[in-house]
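Chains as they are written, first to last, in my numbering: chain A, 429 to 726; chain B, 69 to 470; chain C, -9 to 301.
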């Protein structure tokens, strides 16, 4: 257990790259959560369920199109759209009528949806494990200092910043995005200026759902697609959003980086307790900067 | 006020619940198992295997003139719900015996309950060795292998191999540690030259193993014991395939060669992975096994996995034990089942009297692409007879005495 | 503010509860005991969340620590049973104080999330420390004194303890202390301005909530004679929170009602259907839409406290 030599070995660069590729999925999912939390003030417990639907939907699309690179890319677009549609139904059908309710009741509502969606997935797809294979284009791995880094992880490494840029453009350069940001800070004022906040909220929730679905679709080739996926990421997502600063996109990125990197470097240093490192990092951040690292919209 | 009264009325009605089946005219089997979440894929097999055997037995007139019926309760993989459901089955449904569950903590809790209530409990799928080991007793039976047994069987196979520097990795929970320790501790006694270079443990449900794999490769072991459970099996194998881990370092997982692990991955599962399993639908290619597979496929349109074997044999043990006992009596049932040997798709299975652990063969093999199926299968399969890898009655007595 | 329905029920209820085991079959007595201790747990949470306005998202850890404290004392030490039953709640109270001191500087959602993180650390320790706590297998077959080991005995023990604790919490809430913490909940800035030590009061409230949560945990040991790490997992915290919200978090008896509904649903809906999540989710959704303040909230005409920006 030679910490120092482990930390500065060839493995380190490889671990850093791997940590960064993990960051992608974490960032995509938590940016969706952060968006919903920041603008709509709803801690979306159903976010994990949306992520799970994204993975199952990706499987269905790939099955339908017969596999291969095209099917995979199609799934990466269609599956999140399916999830976005689900989000639209939830928002327009339920949330939009209940925004004046007690804050925590909205939390309760997302919890009920998590329960319902979880069972719906069981009904639609059944309990058997599903699996999506990495398309041939991405199979195998590159060698970094003699250690393997799967091509798919590298793909994720590229996708992450693209999504981040895309989100930044949407939020800062489009009108809808700017209004959403304004609504996050002062919803009443936005309404008073004559803008229909309803559609702003719908847009935000749909975008957040799309991101959750995208996260699920992207992770599908790497994991066992199973019931119970909805619980796997939800805690990390909440924690990332909290330490990054509520409603702050860059905060979500920063939080995901901290999470991804502390975990992969922690494994290098102390593989037996690798799981503890991100949580320790979270506690450390919250003790030092209780409101999160970057400014929040709350 | 009206709202409160109506809510109360609904609650009261639910509380009294509906009546249960007519006791005494059937043999009522209570299943408490996990039918929610990732474990469902395994437990469905147990139930289907049981149903298949029970239907056949019922067609031939049942047991002592009575039909075998069953009820199921979902414990959602939570021990407190499992306990409640077990109590419901015993106290309200008046079942004759309990079967279940895949969650070891629940199995142990229910086992303790059944000891108090003096009702037989047949454990399916839980692999904790405490069930028939240190916490075993008269009223609990295990219908499948446990971590201690898997460990011993594997250690026997690995002791003959030339590997010296070992690494242990796995899911950070009791099952993971039990399997890893079971294999390595026994390996060390059989082959004192082996060394443990280090260990890596990740959270249950981990999805990205790449950082762990790179770290293990950097340490350069000869062989890795990977103690993943349930869903983690596929996740790890996928990571192994994409990093080429299986080609760089040989590794072993319990149930690596099982259909539940290999089938979801199709032709892309990693080759050269060592594994153990208690059931393979293609081995041994005996008449009994083929007939079993044929029957299962006709009924459920899929190949049977290990759970199907456990469920199927559970029904047959239940039926034969009541027949031998001559009446529906819990104590006589237990006495009858002790020492009973039945034919099964994998050969003879004996219910050992001293600890109520079923004796069945363990298969050790390596994954390889198959020409026949669109998923990988095991080759170089070695069949280790149950007697060779089970702890002896004396050892069991010692652990229970502590 | 409350309608006079409550005192009437209060009279009828004890009689029904005392008679219960004589009349009902064993299983229902057992379920009733679970309902009682869960109701106690939910009420203790509501002390923190409904009355003090703290986002107590990690309450299950106090339940779990109470249960494990008692379980470990009974199985590993020679302590007499009554002392062992106190160890759990006291440990929970101590943990609540420790966690409270760390978390109290944060407000609202941040408080809740930090509490969950710390609670998860406690869970992780219990989950992994196999040799001491039994790890994810839990502890089973915990020895109990004969008087309370039987189904009827455990029920009466639960009934009496729950009754006393709920009564104690009721008195606390109606006392001057209770009024102060409600004032803090509604407007912490003003409370501070009139000289109230906000942090001390919040901490006191947390410790009391933690203590009674721990008592509920001890009662679980009495009823089930087992403990599991799941008891302190964050998903259970969420479930208890749901019970409070469902029943009405601005009423005293709301959490009791919420706990009863959820426990009964969980037991009896599971019996009849595989899709328990769908049923519970649908019921909850209906409650939220039509009963905005929870089930008992309909009786309470109170204006919800306005969200004070920046608080």
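No residue lacks a Cβ here, since even glycine has one placed at the ideal position from N, Cα and C. Remember, it's a predicted structure, so these values are computed and weren't measured experimentally.
When Cβ-Cβ separations below 8 Å define contact, residue 15 (chain C) makes contact with chain B. Chain C has a Cβ within less than 8 Å of the Cβ of residue 547 (chain A). When C-beta distances to chain B are compared with 9 Å, every residue of the segment 585 to 603 of chain A stays at or above that value. When the beta-carbon positions are compared, residue 376 (chain B) and residue 113 (chain B) come within less than 8 Å of each other. In the three-state scheme derived from DSSP, where H, G and I count as helix and E and B as strand, residue 384 (chain B) is classed as helix. Close to chain B, meaning a Cβ-Cβ distance shorter than 8 Å, are the following residues of the segment 238 to 257 of chain C: 247, 250, 251, 254, 255, 256, 257. Taking residue 199 (chain C) as the centre and dropping the five residues before and after it, the same chain places the C-beta of 34, 37, 38 closer than 6 Å to its C-beta, in chain order. Spatial neighbours of residue 286 (chain B) in its own chain (CB-CB distance under 8 Å, excluding positions within 5 residues in sequence) are not present. Under the Cβ criterion of 8 Å, residue 142 (chain B) is counted among the residues facing chain C.
In summary, the residues of the segment 268 to 279 of chain B whose CB is separated from some CB of chain A by less than 7 Å are 268, 269, 270, 271, 273, 275, 276, 278, 279, in the order they occur in the chain. Spatial neighbours of residue 626 (chain A) in its own chain (CB-CB distance under 7 Å, excluding positions within 5 residues in sequence) are listed in chain order as 524.
Within its own chain, the residues whose Cβ lies closer than 8 Å to the Cβ of residue 248 (chain C), once the five positions on either side in sequence are excluded, are 32, 232, 233, 234, 235, 236, 237, 238, 284, 285, listed in chain order. In the assembly as shown, residue 364 (chain B) is a buried residue. Its beta-carbon has 16 or more other beta-carbons within 10 Å. For residue 284 (chain B), the closest of B:273, B:300, B:307 by C-alpha to C-alpha distance is B:307.
Counting the other Cβ atoms within 10 Å of the Cβ of residue 491 (chain A) gives fewer than 16, which makes it exposed. Judged by beta-carbon spacing, residue 722 (chain A) lies beyond the 8 Å limit of residue 652 (chain A), meaning their Cβ atoms are not closer than that value. Beyond the five residues adjoining it in sequence on each side, residue 568 (chain A) comes within less than 8 Å, by CB distance, of 578, 579 in the same chain, given in chain order. A contact between stretches requires three or more CB pairs, one per stretch, nearer than 8 Å, and the segment 131 to 151 of chain B meets this requirement with the segment 371 to 390 of chain B.
Look at residue 627 (chain A) here: in three-state DSSP terms it is helix. With the criterion set as a beta carbon lying under 7 Å from some beta carbon of chain A, the members of the segment 264 to 277 of chain C are 265, 267, 268, 270, 271, 272, 274, 275, in sequence order. For residue 586 (chain A), there is no enclosing beta strand (DSSP E); the enclosing alpha helix (DSSP H) covers residues 579 to 601. Ranking C:287, C:275, C:9 by CA distance to the CA of residue 535 (chain A) puts C:275 first. DSSP places residue 238 (chain B) within a strand segment (E or B) once states are collapsed to three. Note that the C-beta distance between residue 489 (chain A) and residue 511 (chain A) is not below 8 Å. Between residue 224 (chain B) and residue 449 (chain B), the C-beta spacing is not below 8 Å. The beta carbons of residue 192 (chain B) and residue 178 (chain B) sit about 12 Å from each other, so the pair does not count as a contact at 8 Å. Close to residue 106 (chain B), with beta-carbon spacing below 9 Å, are these residues of chain A in chain order: 555, 557, 652, 654, 655, 656, 657. Close partners of residue 570 (chain A) in chain C (Cβ separation under 8 Å) are lacking, with about 34 Å as the shortest Cβ gap.
In this structure, DSSP gives residue 468 (chain A) a helical state, which the three-state scheme calls helix.
At least one CB of chain C lies nearer than 8 Å to the CB of residue 241 (chain B). The Cβ of residue 446 (chain A) sits closer than 8 Å to at least one Cβ of chain B. Selection B:438, B:355, B:273 evaluated against residue 663 (chain A) yields B:273 as nearest (Cα-Cα). Separation of the CB atoms of residue 645 (chain A) and residue 499 (chain A) is rounded to 12 Å, and the pair is thereby denied contact status at 8 Å.
Residue state for residue 411 (chain B) is assigned as strand, using DSSP reduced to three classes. Residue 628 (chain A) is classed as buried because its beta carbon has at least 16 other beta carbons within 10 Å across all chains shown. Counting along the chain, residue 299 (chain B) sits inside the alpha helix (DSSP H) bounded by residues 299 to 311.
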